[in-house]
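*Asks:* In the numbering used here, the protein residues as written are 14 to 96.
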């Protein structure tokens, strides 16, 4: 492997690690945002957050349950029961 190939490999590995770090930072930021909304009972914000996740394609059971929980805690039992 010549010097140019080694340099290219090093750059590729560095960019890969930076991409992984960005994903982890984004997940931590999202978790902090959700925790803040839960702490102050911002159910409208939580409903918007989980609806946005569903619209983006995250159809996991956990996301649907969290959306139903937010509706329930807001007092909108009818919307919660359709989840």
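Think of the CB as a built atom: it goes at the ideal place given N, C-alpha and C, for glycine as much as any other residue.
1) Just to confirm my understanding: we take residue 47, look at its own chain, exclude 5 residues before and 5 after, and list those with CB closer than 8 Å. What are they?
2) Under the three-state reduction of DSSP, which class applies to residue 73: helix, strand or coil?
3) In this structure, how does DSSP classify residue 57 when only helix, strand and coil are distinguished?
4) Do residue 56 and residue 83 have their CB atoms nearer than 9 Å?
5) For residue 93 versus residue 85, is the C-beta distance shorter than 9 Å?
*Replies:* Let me lay it out:
1) 59 and 62
2) coil
3) Here residue 57 sits in helix by DSSP.
4) In contact: residue 56 and residue 83 (Cβ atoms closer than 9 Å).
5) yes
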